[in-house]
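Only one structure is covered here, and it is reproduced in the block below.
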Amino acid sequence: MPRSFRTCELEYNPKIEKTAKRLRKEARKRNFQKGSSSSWLESSESNFLSDLFDQVTITNKEEENIANERTLWEMATQNKNQQPLCIQYPPLTVPFELKSGLIHLLLTFCSLAGEDPHKHLKEFHVVCSIMKPREVTEEQIKLRTFPFSLADKATDWLYYLPSGSITTWDEMKQQFLEIFFPTSPAANIKKGICRIRLFNGETLYKYWERFKQLCASCP
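Heads up: the sequence shown runs through residues 1 to 219, numbered per full-length UniProt numbering.
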């Protein structure tokens, strides 16, 4: 409009200015909130996907390790069934059951220093001779009772023998003496028997008892 037609100037209205500032401030605030909310959602979604991927990776690794452990265990385990004992018991014609009282009477052999395997066999024979059921042989009783007379290393030796390798009591005694009474001690005892002499001041009775002990300790 030409200046000639202006009759008066426009008056300044402070309310309109305040309203405009308030509207611009609210618009900037909405834009900022919208942008920050979008970036927060994007970062949260990214973090969630990253954590989920890590968890899936860890789970897969754990499952793979468990599978490998099971595979190694299965490879190390030859047979899940219990291996039979080395003793192959003779068939029984009548029912036979070991009494707990008989088992408690047994003296145990642990393969310790100073233990005499021959003495253990003699003591074992004495205990087994107490019980003689009808139609049950002495060999059957001894084969079924002998494992209860062993302990510690002697028990380990018995359980590591091949399955079914022992069928008679004589075989059991032979295997037992070959392990726990080797040839070198037997040779020393035989030398002691051959070279035995009467000590000065020793009575004939004591000398004779010492000789019998040496003979009893040798097979």
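For glycine and all other residues, C-beta sits at the position ideal for the given N, C-alpha and C.
{"query": "C-alpha distance - T168 paired with N200, whole-angstrom precision", "result": "47 angstroms"}
{"query": "For residue 226, three-class secondary structure by DSSP", "result": "Nothing about residue 226 can be read from this structure; the chain reaches only from 1 to 219."}
{"query": "Best match in E209, R210, L106 for proximity to I130 [C-alpha to C-alpha]", "result": "L106"}
{"query": "Where the alpha helix (DSSP H) through M131 begins and ends", "result": "That residue, M131, is in no alpha helix (DSSP H); it is neither H nor E in DSSP."}
{"query": "Which of helix, strand or coil DSSP assigns to I166", "result": "strand"}
{"query": "Classification of L198 by the beta-carbon crowding that lies within 10 angstroms, buried from 16 upward", "result": "exposed"}
{"query": "As assigned by DSSP and simplified to three states, the class of L158", "result": "helix"}
{"query": "Cutoff 7 angstroms; reference L98; Cβ partners in own chain excluding five residues on either side", "result": "R144, T145"}
{"query": "Burial state of F5, where buried means 16 or more other Cβ atoms lie within 10 Å", "result": "In this prediction, F5 scores a pLDDT of 47, lower than 50, which makes its location untrustworthy; the coordinate-derived value is nonetheless stated afterwards. The residue in question, F5, is exposed, as its Cβ has fewer than 16 Cβ neighbours within 10 Å."}
{"query": "Rounded C-alpha distance that separates A216 from A113", "result": "18 angstroms"}
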